[in-house]
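Numbering (this note's numbering), first residue to last: 142 to 214. For every residue, glycine included, the Cβ atom is placed at its ideal position computed from N, Cα and C.
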């Protein structure tokens with residue numbers, strides 16, 4: 142019984158880690174897209190009026206996800 146509980150705990154923990162890692166990656170990718178670093182996907186032309194705020198918002202969300210990740214896991 143203890144082995145099954147350990148397996149389920151490990152599996153759930155692994156899934157949560159995977160989901161949070163995917164969220165971090167997705168947030169970083171979105172930041173790069175909106176900031177204009179990936180020209181083929183960019184929705185906003187790269188100019189300084191939109192560059193810094195977009196990068197700041199993306200890095201803020203990245204920091205929040207990272208903080209949640211390290212606080213709870």
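Requested in this report: With a 10 Å radius around its C-beta and 16 neighbouring C-beta atoms as the bar for buried, classify residue 199 as buried or exposed.
Outcome: buried
Query - Contact belief for residue 169 with residue 203 at Cβ below 8 Å, rounded distance in angstroms - result: 6 Å
Query raised in the report: With distances taken between CB atoms, is the gap from residue 173 to residue 206 smaller than 7 Å?
Result: no
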